[in-house]
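Our numbering applies: residue 339 is where the sequence shown begins, and numbers increase by one.
Every residue, glycine too, gets a C-beta built ideally from N, C-alpha and C.
Computed from a prediction, not measured in an experiment: that's the story for all the values here.
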Amino acid sequence: MTVALLLILLPLLFLVLTKHFKLGALSSNLPPGPNPWQLLRTISQSRNKPHVAFQTLARTHGPLFSLRLGSQLIVVASSPPIAMQILKTHDKIFSGRYLPWCFQVVEMVQSSLTMSRHCNDTWKFLRGIGHNFIFSARAVGAKEELRKEVVAEMMEYLVEKDGEAVKLDDIVNVTVSNVVANVLASRSLFDVRGEGENEEKLKGLVREIVESATNLGLADLFPVLRRVDFWSRRNGMKIREKIMCVWADILEERRRCGANDVSCRDFLDVLLGNGFLDDQISIILMELLIAGTDSTIITIVWLMAELIKNQQIFLRLREEIGQAIKQNSTSLDESILSKCEYFQACIKETLRLHIPGPFLVPHQALKNCKMNNYLIPKDSIILVNAWAIHLDPNNWNNAASFKPDRFLDSKIDFLGSCFEFIPFSSGRRMCPGFHMGFRNILLVVASLVYYFDWSLPRGQWPEDLDMTDKFGTTLMREKPLYLVPRLREQFHVV
339 MTVALLLILL PLLFLVLTKH FKLGALSSNL PPGPNPWQLL RTISQSRNKP
389 HVAFQTLART HGPLFSLRLG SQLIVVASSP PIAMQILKTH DKIFSGRYLP
439 WCFQVVEMVQ SSLTMSRHCN DTWKFLRGIG HNFIFSARAV GAKEELRKEV
489 VAEMMEYLVE KDGEAVKLDD IVNVTVSNVV ANVLASRSLF DVRGEGENEE
539 KLKGLVREIV ESATNLGLAD LFPVLRRVDF WSRRNGMKIR EKIMCVWADI
589 LEERRRCGAN DVSCRDFLDV LLGNGFLDDQ ISIILMELLI AGTDSTIITI
639 VWLMAELIKN QQIFLRLREE IGQAIKQNST SLDESILSKC EYFQACIKET
689 LRLHIPGPFL VPHQALKNCK MNNYLIPKDS IILVNAWAIH LDPNNWNNAA
739 SFKPDRFLDS KIDFLGSCFE FIPFSSGRRM CPGFHMGFRN ILLVVASLVY
789 YFDWSLPRGQ WPEDLDMTDK FGTTLMREKP LYLVPRLREQ FHVV
């Protein structure tokens with residue numbers, strides 16, 4: 339069941355089951371919020387887009403409001419000051435994670451970097467080795483040549499497709515996924531030409547995991563049903579088995595070939611060297627693969643769509659990249675690209691206008707907390723509507739327009755210190771991979787913009803490009819982005 343569908347159906351279920359649950363004891367101290375009928379009406383009017391519906395509800399009930407889905411309380415923050423209280427002031431209390439019951443029941447969160455409920459010793463250890471070997475600026479910089487090799491494969495494929503319409507979403511997906519997979523396990527999992535074995539199954543599994551991890555089932559909303567919720571256990575076991583299958587051969591080969599190799603080549607070696615079991619390693623690798631790719635892919639595709647729609651911005655960005663290369667007599671080195679101020683502004687503006695995770699990653703209250711004279715009870719799910727914050731005209735001029743210049747000469751960064759702009763969240767649960775994601779975006783987009791001219795398929799015009807988004811697990815484009823690449827004349831080999 340999707341979040342949007344649940345938001346439609348559960349107010350009705352709420353009305354039927356209210357008498358079986360004592361919901362009113364704390365209600366006088368809770369943040370205000372809609373009744374079930376108001377929630378149903380608002381969701382319907384927002385075309386089943388919860389982030390839009392919650393923005394509307396915040397205008398009525400304030401920047402901190404609550405709602406009940408079944409017996410589960412959900413608290414929504416929709417302003418920078420409230421977001422700061424959740425992610426900074428009361429960071430420790432709200433540092434919990436809620437993972438749907440289908441994952442809890444099969445114990446898929448005990449050794450997790452991104453979805454561990456508590457910031458426990460295992461989480462801290464994984465975060466530490468992840469920082470040292472994957473996430474730190476030093477670790478990311480050490481993998482630049484690897485990224486260039488994978489991007490070169492993308493470029494070669496685009497040259498082959500010169501003058502033909504390509505589905506950019508798929509090309510970017512393969513490229514970014516292979517970069518991250520090589521960082522994790524020195525192995526590409528996809529072929530840019532779509533000729534790899536079991537590629538569609540793996541893509542389907544990734545989407546299944548993401549959807550299952552972000553959707554709430556009846557056992558989540560009515561815990562009393564967990565004893566008879568056999569579907570969640572079956573679904574969780576099925577996903578777990580599929581994850582094991584993805585990495586089983588890779589683990590077996592690494593153990594066989596690396597038994598006498600004491601050097602750490604990648605993160606898989608680090609996990610093996612620290613005594614993690616195969617099922618733990620498989621889950622960690624899969625969650626890092628997903629966390630390291632999904633948002634990056636969505637951001638690249640949205641940025642390319644905005645550049646196609648805004649040709650003057652496209653040409654200005656290309657000019658800046660060209661000047662940086664010319665001045666430094668080098669190729670597309672990330673150290674040079676990271677100094678391109680307008681390029682950074684374009685990336686920031688894309689993350690502002692098209693934030694991949696409109697609610698970030700949901701938090702959970704680990705104990706009761708008093709905030710703004712309201713009680714936030716233990717176990718409440720906390721959503722920060724970053725999408726609403728990023729598009730609030732009180733925070734941004736012309737908030738609905740793509741204007742990278744707003745970030746020039748601005749001190750706003752990616753580090754979560756400015757709560758008007760929090761694409762990677764903030765606090766102890768902030769996304770640890772933002773350095774890697776930023777570098778991947780830089781290199782892929784620079785390669786696409788600098789070496790190729792792009793156009794829409796015949797009969798389509800930039801000003802008519804559909805920029806509608808679609809709420810699923812992330813906020814992606816509703817329609818795939820089909821573009822026609824043409825290698826720029828100066829790069830043709832005679």
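| Item | Value |
| --- | --- |
| Residue(s) in a DSSP beta bridge with I714 | C707 |
| DSSP-derived helix/strand/coil call for G400 | coil |
| For A724 and L698, believed in contact at Cβ under 8 Å, the rounded distance | 5 Å |
| Among M642, E591, R826, P438, the one whose alpha carbon lies nearest that of V510 | M642 |
| For S633 and T812, believed in contact at Cβ under 8 Å, the rounded distance | 7 Å |
| Supposed contact pair D459 and G765 - C-beta distance, whole angstroms, cut 8 Å | Not quite, the Cβ-Cβ distance comes to about 19 Å (not below 8 Å), so this is no contact. |
| K462, enclosing alpha helix (DSSP H) - first and last residue | 459 to 468 |
| E687 and R744 closer than 8 Å at C-beta | yes |
| When Q798, S676, S417, R564 are compared against P438, the one with the closest alpha-carbon | R564 |
| Exposure label - H456; buried when at least 16 CB within 10 Å | exposed |
| Within 8 Å, strictly: CB atoms of L589 and I619 | yes |
| DSSP three-state assignment for M814, whether helix, strand or coil | strand |
| N666 versus I472: straight-line alpha-carbon distance, rounded | 28 Å |
| Within 8 Å, strictly: CB atoms of P823 and D500 | yes |
| Through-space distance from D587 to A726, alpha-carbon basis | 44 Å |
| Which of helix, strand or coil DSSP assigns to W282 | No answer is possible for residue 282: the residues shown for the chain start at 339 and end at 832. |
| Boundaries of the alpha helix (DSSP H) in which S793 is found, first to last residue | First-last for S793: 790 to 793, but that is the beta strand (DSSP E), not the alpha helix (DSSP H). |
| Residues of its chain near T513, where Cβ-Cβ distance is below 8 Å and the 5 sequence neighbours each way are ignored | V488, V489, E491, M492, V530, V782 |
| Straight-line gap, V722 to V414 (C-alpha atoms, nearest Å) | 6 Å |
| For F757 and A683, the rounded distance between their alpha carbons | 17 Å |
| Reference S409; option with closest CA among V562, S474, F605 | V562 |
| Beta carbon of L627 nearer than 8 Å to that of A519 | yes |
| Range of the contiguous beta strand (DSSP E) that encloses L411 | 410 to 415 |
| Integer Cβ distance of L780 from E672, believed to fall under 8 Å | 6 Å |
| Beta-bridge pairing of K505 - partner residues as DSSP gives them | Y820 |
| Under 8 Å between C-beta atoms of I651 and P761 | no |
| Spatial neighbours of L825 in its chain, beta-carbon cut-off 7 Å, leaving aside the 5 residues before and after | V497, D500, Y789, F790 |
| Residue from N648, R796, N733 with nearest C-alpha to V504 | R796 |
| Three-state secondary structure (DSSP) of V584 | helix |
| Rounded C-alpha distance that separates N648 from C707 | 46 Å |
| Enclosing alpha helix (DSSP H) for V497 [first to last residue] | 482 to 498 |
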